[in-house]
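Protein chains: 2
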Amino acid sequence: MSVVPAEPVESPEPAWRQRAVERSTRAAKLRAEQRVQRFLDAARELITDKGTTDFTVQEVVERSRQSLRSFYQHFDGKHELLLALFEDALSRSAIEMREKLSTVAGPLERLKVAVGLLYDASTPRQGQQSPLFTDFAVQLLVSHPDQVATAHLPLLTLFTELVEGAVEAGSAVAPRPRRTASLIMQTAMFTAQAPAAPVGAPPSRIGAEDVWEFCLGGITGAREEAEVRAGAARKSPAARKTAAKRAPSKKSATTKDTAHGTA
Amino acid sequence: MSVVPAEPVESPEPAWRQRAVERSTRAAKLRAEQRVQRFLDAARELITDKGTTDFTVQEVVERSRQSLRSFYQHFDGKHELLLALFEDALSRSAIEMREKLSTVAGPLERLKVAVGLLYDASTPRQGQQSPLFTDFAVQLLVSHPDQVATAHLPLLTLFTELVEGAVEAGSAVAPRPRRTASLIMQTAMFTAQAPAAPVGAPPSRIGAEDVWEFCLGGITGAREEAEVRAGAARKSPAARKTAAKRAPSKKSATTKDTAHGTA
DNA sequence: AGAGTTCGAGAATAGCATTCTCGTAAAATG
DNA sequence: CATTTTACGAGAATGCTATTCTCGAACTCT
Numbered sequence: 589m590s591v592v593p594a595e596p597v598e599s600p601e602p603a604w605r606q607r608a609v610e611r612s613t614r615a616a617k618l619r620a621e622q623r624v625q626r627f628l629d630a631a632r633e634l635i636t637d638k639g640t641t642d643f644t645v646q647e648v649v650e651r652s653r654q655s656l657r658s659f660y661q662h663f664d665g666k667h668e669l670l671l672a673l674f675e676d677a678l679s680r681s682a683i684e685m686r687e688k689l690s691t692v693a694g695p696l697e698r699l700k701v702a703v704g705l706l707y708d709a710s711t712p713r714q715g716q717q718s719p720l721f722t723d724f725a726v727q728l729l730v731s732h733p734d735q736v737a738t739a740h741l742p743l744l745t746l747f748t749e750l751v752e753g754a755v756e757a758g759s760a761v762a763p764r765p766r767r768t769a770s771l772i773m774q775t776a777m778f779t780a781q782a783p784a785a786p787v788g789a790p791p792s793r794i795g796a797e798d799v800w801e802f803c804l805g806g807i808t809g810a811r812e813e814a815e816v817r818a819g820a821a822r823k824s825p826a827a828r829k830t831a832a833k834r835a836p837s838k839k840s841a842t843t844k845d846t847a848h849g850t851a
Numbered sequence: 589m590s591v592v593p594a595e596p597v598e599s600p601e602p603a604w605r606q607r608a609v610e611r612s613t614r615a616a617k618l619r620a621e622q623r624v625q626r627f628l629d630a631a632r633e634l635i636t637d638k639g640t641t642d643f644t645v646q647e648v649v650e651r652s653r654q655s656l657r658s659f660y661q662h663f664d665g666k667h668e669l670l671l672a673l674f675e676d677a678l679s680r681s682a683i684e685m686r687e688k689l690s691t692v693a694g695p696l697e698r699l700k701v702a703v704g705l706l707y708d709a710s711t712p713r714q715g716q717q718s719p720l721f722t723d724f725a726v727q728l729l730v731s732h733p734d735q736v737a738t739a740h741l742p743l744l745t746l747f748t749e750l751v752e753g754a755v756e757a758g759s760a761v762a763p764r765p766r767r768t769a770s771l772i773m774q775t776a777m778f779t780a781q782a783p784a785a786p787v788g789a790p791p792s793r794i795g796a797e798d799v800w801e802f803c804l805g806g807i808t809g810a811r812e813e814a815e816v817r818a819g820a821a822r823k824s825p826a827a828r829k830t831a832a833k834r835a836p837s838k839k840s841a842t843t844k845d846t847a848h849g850t851a
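Sequence lines, in order, name chains A and B. Everything in the first sequence is counted per the working numbering, starting at 589 for the first residue and increasing by one. Everything in the second sequence is counted per the working numbering, starting at 589 for the first residue and increasing by one.
In structure tokens:
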């Protein structure tokens with residue numbers, strides 16, 4: 589406590605002043621936070637009530653029994669409100685997931701369950717209290733990508749850990765766990781959100797299981813053995829390359845025109 | 589309403605009348621199509637000019653030297669215009685891809701290149717003439733999912749064929765090629781679009797190669813052997829990196845300056 | 001040419017975010 | 001406690017767009 593540790597040079601304000609200001613500020617800050625919370629709650633209610641995120645700022649204001657004046661004093665705009673909501677929802681989701689995962693056995697199984705949970709949480713549904721991935725989330729994705737990325741952080745961290753766990757256990761290969769985690773998340777979230785096939789064709793909605801299989805084995809198909817591994821035991825961890833052991837590309841010339849047919 | 593097979597009862601119009609009407613209609617239809625085309629062209633110009641899709645209907649109307657009246661007579665709303673644009677862009681993209689892929693060797697390599705192309709086309713960029721994936725595309729995704737799915741069809745078909753090709757050649761495993769194709773597409777498109785990591789952390793933007801690796805081997809890591817397979821399969825495949833970079837084809841650009849300062 | 005349609009120009013309407021004004025209540029200050 | 005400062009509520013005002021509506025002119029078909 590001898591000298592000022594940080595940067596006293598450019599700030600001629602002594603510590604006592606800072607503290608005084610701080611004390612004086614605390615109350616105001618608290619009040620502000622309370623108001624902000626009221627806005628957030630109102631918005632959340634509106635979303636779950638109406639099942640959509642097409643609420644207007646007016647509605648939020650009315651519901652929270654506050655004023656437009658106040659709203660724009662606390663938020664830079666509607667997008668900030670949405671961002672806050674989004675961030676909060678994702679953060680909660682991560683926590684919730686951790687809890688649920690704590691009871692799951694193996695590393696790979698945990699990852700699998702996590703994918704299922706994420707998929708589920710990302711599926712648009714009526715009465716969803718935590719709209720992880722709804723229309724507005726998508727809008728934010730294009731209008732404020734960086735902040736969305738920040739919001740994703742808690743989940744990304746979780747998934748990165750899961751991937752790393754699986755790798756350490758020898759159940760998976762991922763030189764850059766973070767990227768892999770990101771890819772898995774994206775696949776699960778967007779697939780859950782996106783529409784399935786169009787009118788014609790098989791009515792194939794891609795499910796969480798499909799996503800998982802894809803993430804697991806890609807297209808080289810480590811599927812069967814993966815199931816074995818996950819179901820039976822994790823004794824021989826090193827990923828066996830059983831799936832793709834057929835003749836590589838001898839007949840590539842013949843299949844060349846497969847991509848030219850109908851349009 | 590029990591015995592009516594089709595609807596001949598309420599339509600006493602004989603065939604000749606239909607034909608007459610048809611003939612009488614043809615011209616009008618042609619005119620209409622012409623007008624529609626003018627709107628579409630104007631919109632496309634606006635997009636490439638401004639680099640964004642934030643054009644207003646007014647701008648489109650002015651640029652096309654037509655009227656609001658006319659616009660809403662031909663389109664159900666702005667969203668239909670966008671949808672038309674989107675569909676067209678995706679369709680062209682599919683065709684263009686097929687061309688580029690026709691010079692690529694093995695099935696797996698073709699799929700790889702396709703992923704690269706799709707990724708590239710989905711990467712937000714200035715001066716993109718085919719906005720595969722932009723803000724409005726995202727809006728459409730939530731407001732008209734079915735139609736978006738329909739718009740995706742050409743590309744989905746292409747990718748399905750590619751996946752099937754790879755499967756037949758024994759280079760891949762995909763019990764449901766269509767789903768797999770869909771997953772690959774989603775992964776490529778959304779990853780290209782999405783932001784990388786947030787502020788902190790490694791500045792790791794996930795590239796097309798990462799996407800490909802993920803699609804290929806998932807997390808069970810069929811990576812190394814996959815590379816071996818793809819690389820050593822053909823001794824001198826000129827398509828190693830040839831098609832990776834986009835070869836800009838200056839098409840449909842000659843009559844651009846028809847729209848001069850009218851605004 | 002005449003009946004019917006389509007179009008252009010632009011005013012009118014409507015929804016919504018954001019800003020602004022003003023008078024009041026609450027807080028901070030001395 | 002009186003005063004000055006700040007925050008708030010209510011709601012009008014603005015700005016931007018999409019969408020609709022009106023009316024008279026141009027065009028099409030017969």
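For every residue, glycine included, the Cβ atom is placed at its ideal position computed from N, Cα and C. This structure is a prediction, so every number in the text was calculated from the model and none was measured.
As assigned by DSSP and simplified to three states, the class of residue i
i: F778 (chain B); result: helix
i: F724 (chain A); result: helix
i: P712 (chain A); result: coil
i: P763 (chain B); result: coil
i: S655 (chain B); result: coil
i: S690 (chain B); result: coil
i: I794 (chain B); result: coil
i: H740 (chain A); result: helix
i: G753 (chain B); result: helix
i: F674 (chain B); result: helix
i: R607 (chain A); result: helix
i: D734 (chain A); result: helix
i: D664 (chain A); result: coil
i: G805 (chain B); result: helix
i: G704 (chain B); result: helix
i: R828 (chain A); result: Low confidence applies here, because R828 (chain A) scores a pLDDT of 43, under 50, leaving its location unreliable; read the following figure in that light. In this structure, R828 (chain A) counts as coil in the three-state DSSP scheme.
i: F747 (chain A); result: helix
i: F643 (chain B); result: coil
Chain A contact for residue i (CB, 7 Å cutoff)
i: D642 (chain B); result: no
i: V730 (chain B); result: yes
i: D708 (chain B); result: no
i: R767 (chain B); result: yes
i: D723 (chain B); result: yes
i: L705 (chain B); result: no
i: T711 (chain B); result: no
i: F802 (chain B); result: yes
i: D637 (chain B); result: no
i: D664 (chain B); result: no
Contacts around residue i, its chain only, beta-carbon distance under 6 Å, and the 5 residues preceding and following it disregarded
i: A739 (chain A); result: F674, E675 and L678
i: T722 (chain B); result: T641
i: P736 (chain B); result: Note that residue 736 (chain B) corresponds to Val in the displayed sequence, not to Pro. Only L728 and L729 meet the Cβ criterion.
i: S731 (chain B); result: none
CB contact below 7 Å: residue i versus chain B
i: V726 (chain A); result: yes
i: R698 (chain A); result: no
i: Q774 (chain A); result: yes
i: L634 (chain A); result: no
i: T779 (chain A); result: yes
i: F674 (chain A); result: no
i: L771 (chain A); result: yes
i: S679 (chain A); result: no
i: I794 (chain A); result: yes
i: D798 (chain A); result: yes
Same chain, Cβ closer than 8 Å to residue i, neighbours up to 5 away in sequence not counted
i: M773 (chain A); result: L706, H740, L743, L744 and F747
i: E610 (chain A); result: none
Contacts around residue i, its chain only, beta-carbon distance under 7 Å, and the 5 residues preceding and following it disregarded
i: A754 (chain B); result: P695, L696, L699 and A760
i: V799 (chain B); result: V703, Y707, T775, A776 and T779
i: V624 (chain A); result: H662
i: R626 (chain B); result: S652 and Q654
i: R614 (chain A); result: none
i: E749 (chain A); result: none
Under 8 Å: do the region 664-672 of chain B and the region 681-690 of chain B share three or more Cβ pairs, one atom per stretch? no
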